[in-house]
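Protein chains in written order, with my numbering: chain A, 1 to 337; chain B, 338 to 674. From the three backbone atoms N, C-alpha and C, an ideal C-beta is built for every residue, glycine too. All values derive from a computational prediction rather than experimental measurement.
In structure tokens form, the structure reads like this:
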């Protein structure tokens with residue numbers, strides 16, 4: 001298979017990041033970690049789809065502002081979302097004029113964007129890059145399932161699409177970019193399809209892909225779980241995370257208490273009625289930009305593994321009876337001394 | 338704006354490519370250049386969506402076969418299509434087990450994939466990469482406009498979504514990869530929105546983005562049109578291409594007879610009733626993998642510029658009254674002596 005885990009010798013740093021969330025996310029356990037929220041979930045716009053674009057725009061503007069950078073300082077943006085034809089990103093980011101690479105990685109998009117930013121910045125293709133992604137509960141529900149107004153009952157395995165967006169700016173320390181966390185490794189995911197056909201159980205569909213990537217990293221390549229403060233999938237939810245743990249256990253890999261999931265962390269599932277937990281491109285993006293980056297800033301984290309997971313289906317493919325394939329992209333974040 | 342055109346010092350070569358097309362494309366002027374076609378457009382599968390996935394699978398298999406390579410020899414695949422959530426790619430490429438980067442660039446996806454493959458292979462992130470993309474007239478029409486069975490009338494500015502897929506394998510000459518054409522430069526596109534709201538006139542929506550990229554390359558950076566045997570947009574169609582020419586003329590850039598468009602080249606618009614010409618991720622992909630690569634093999638081409646163009650809208654965004662943004666990604670192909 002040639003090279004597996006990619007190592008970034010120049011350790012590109014995340015020199016700025018920002019997160020923007022909706023009402024429910026602001027009411028959750030990670031409330032204090034987000035930069036901005038709007039209790040109306042509309043962000044001043046007429047439709048939920050345009051609100052999602054506005055969240056991407058605001059997240060990138062906040063990240064630029066924190067870094068005292070201008071759009072012209074960013075040489076490429078890697079962006080994506082869940083909406084058909086990824087319009088959250090294209091409409092959200094059009095006005096910046098930054099060379100644009102559209103991605104589709106479902107809920108793994110934040111990790112995919114971080115990986116591509118790290119690859120291109122590490123090797124000097126770009127001096128700086130941005131990774132931006134988003135999801136919006138109301139735009140996703142009416143596209144993938146039912147408009148919220150229908151009041152459809154959700155099964156216990158269903159996840160709650162996060163209303164959240166995040167932006168990360170990546171550059172090299174040697175080029176004067178300062179940050180608390182660097183991207184030191186990445187392991188791109190492979191598509192794994194284990195035959196799950198229930199679109200209300202995306203965690204189960206994505207768990208084998210997360211396990212595939214984690215097993216390649218820890219078992220095939222011999223990395224040690226004890227080297228990490230946090231190993232976090234994003235977003236398997238309670239159901240998918242427990243399946244992933246079982247799959248890893250059956251192969252002899254125990255990650256212990258440091259193994260969590262962004263979808264579990266984002267909400268208090270019992271109090272907030274989010275069933276199996278959070279999902280959507282914005283979930284792992286905002287947990288990483290908010291909670292995890294703060295942990296690096298505070299010196300709480302030295303090494304974190306993010307395994308961005310995505311379910312690569314569509315409403316049509318599910319209606320046509322196809323099973324749901326998943327993917328898990330791994331990014332290793334290391335503190336910068 | 339920092340760096341503009343990216344130069345690839347190691348000049349990664351396209352060491353194999355393959356194209357798979359439907360009935361109408363096989364009946365067009367480029368008939369002889371494609372590797373495979375199916376007059377039923379179904380490729381042995383039950384739905385048009387699955388047929389599109391099968392076309393990607395077949396294109397990649399053919400490209401691997403021509404290169405006597407196995408899936409394990411390819412370290413990353415950059416792939417995308419027009420279907421919601423890009424399921425043409427995820428279902429089409431799942432079984433290969435190649436680390437997967439999902440893209441969404443609308444009809445510019447082939448160029449976006451070639452760019453990312455060139456960047457990562459040139460800088461040694463991957464030894465080899467593949468770029469795969471597709472579109473299918475029947476899956477696209479029912480998703481973006483109306484099911485074909487309705488027999489809706491198409492306006493003269495409408496383009497015809499190509500039933501086509503192509504795969505390219507990229508590697509370095511110094512690693513023993515041989516091919517007739519190398520990717521020597523790339524200029525990533527910016528999102529350009531000039532306010533076009535007619536989803537039946539995508540060429541007009543994309544023309545300003547193609548012009549933006551071409552003007553940056555030729556006027557801002559001083560490259561010479563006379564250095565090229567062919568400068569080809571993909572896919573503006575007749576309408577969009579003539580708008581693009583006018584936009585370039587008004588800025589003093591005349592590209593002359595060598596300036597064409599994959600959407601114009603793929604069909605005989607009058608005989609084949611394709612109105613403004615071809616479009617879809619598979620159009621520029623198959624014209625490049627078929628006609629352009631053959632031109633390099635025959636020694637007819639020494640330098641070709643492909644400007645992959647995409648319209649970054651969705652049916653929802655159009656219904657909500659938003660204008661259609663476009664993008665144009667430039668790739669410079671040079672003959673390998």
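Between residue 41/A and residue 28/A a beta carbon distance of about 14 Å is seen, past the 8 Å cut, so the two are scored as non-contacting.
A residue is called buried when at least 16 other Cβ atoms come within 10 angstroms of its Cβ; residue 654/B meets this threshold and is buried. In this structure residue 259/A is buried. Its beta-carbon is surrounded by 16 or more other beta-carbon atoms within 10 angstroms. Residues of the region 76 to 92 of chain A with a C-beta less than 7 Å from any C-beta of chain B: 76, 80, 83, 84, 85, 86, 87, 90, 91, listed in chain order. Residue 456/B reaches chain A at 120, 125, counting residues in chain order whose Cβ is nearer than 7 Å. Taken atom to atom, the span from the alpha-carbon of residue 287/A to that of residue 181/A is near 15 Å. Looking at 313/A, 331/A, 4/A, the one whose alpha-carbon comes closest to that of residue 193/A is 313/A. When DSSP states are grouped into helix, strand and coil, residue 131/A belongs to the strand group.
Here the C-alpha atom of residue 370/B lies approximately 18 Å from the C-alpha atom of residue 404/B. For residue 112/A, the neighbours in chain B by C-beta distance under 9 Å run, in chain order, 438, 439. No Cβ-Cβ contact shorter than 9 Å links residue 305/A with residue 275/A.
Three or more Cβ pairs closer than 8 Å define a contact, and the region 456 to 472 of chain B meets that threshold against the region 121 to 131 of chain A. No residue range can be given for residue 500/B, since it is assigned to no beta strand (DSSP E) and is classified by DSSP as neither H nor E. For residue 480/B, at least one C-beta of chain A is nearer than 9 Å to its own C-beta. Any Cβ of chain B closer than 9 Å to the Cβ of residue 327/A would place that residue at the interface, and such an atom is present. Note that the C-beta distance between residue 152/A and residue 144/A is not below 9 Å.
Three or more Cβ pairs closer than 8 Å define a contact, and the region 493 to 512 of chain B meets that threshold against the region 392 to 401 of chain B.
DSSP, reduced to helix, strand and coil, places residue 554/B within a helical segment of the structure shown. For residue 243/A, the uninterrupted alpha helix (DSSP H) run begins and ends at 237 to 250, by DSSP. Scanning chain A for C-beta atoms nearer than 7 Å to the C-beta of residue 442/B yields 102, reported in chain order. By the criterion of a C-beta distance shorter than 8 Å, residue 541/B is surrounded in its chain by 494, 533, 535, 576, 577, 580, once the five residues flanking it on both sides are discounted. For residue 139/A, the CB contacts under 7 Å within the same chain, skipping 5 residues up- and downstream, are 48, 49, 52, 83 in chain order. For residue 315/A, a Cβ of chain B is located within less than 9 Å of the residue's own Cβ. Listed along chain A is no residue with a C-beta nearer than 7 Å to that of residue 520/B; the closest approach is about 13 Å. Listed along chain B, no residue sits closer than 8 Å to residue 253/A by beta-carbon distance, the nearest being about 20 Å off.
Counting C-beta pairs with one atom in each stretch, the region 349 to 357 of chain B and the region 583 to 603 of chain B have fewer than three that are closer than 8 Å, which means they do not touch. The shortest C-alpha to C-alpha distance from residue 498/B to any of 345/B, 567/B, 632/B, 614/B is the one to 614/B. Looking from the CA of residue 568/B, the closest CA among 574/B, 544/B, 599/B, 539/B belongs to 599/B.
Comparing alpha-carbon positions, the option among 609/B, 608/B, 566/B lying closest to residue 593/B turns out to be 566/B. Within the same chain, 574, 575, 578, 614 come within 7 Å of residue 601/B by CB-CB distance, once the 5 residues on both sides are set aside.
Residue 352/B carries a strand assignment under DSSP once its states are collapsed to helix, strand and coil. Looking at the DSSP output, residue 328/A shares a beta bridge with 309/A.
Residue 481/B: member of the alpha helix (DSSP H) spanning 474 to 481, first to last residue. The residue among 35/A, 218/A, 327/A, 315/A with its C-alpha nearest the C-alpha of residue 64/A is 35/A.
Scanning its chain for C-beta atoms nearer than 8 Å, with the 5 sequence neighbours on each side dropped, one finds around residue 344/B the residues 521, 522, in chain order. For residue 303/A, the beta-bridge partners assigned by DSSP are 334/A.
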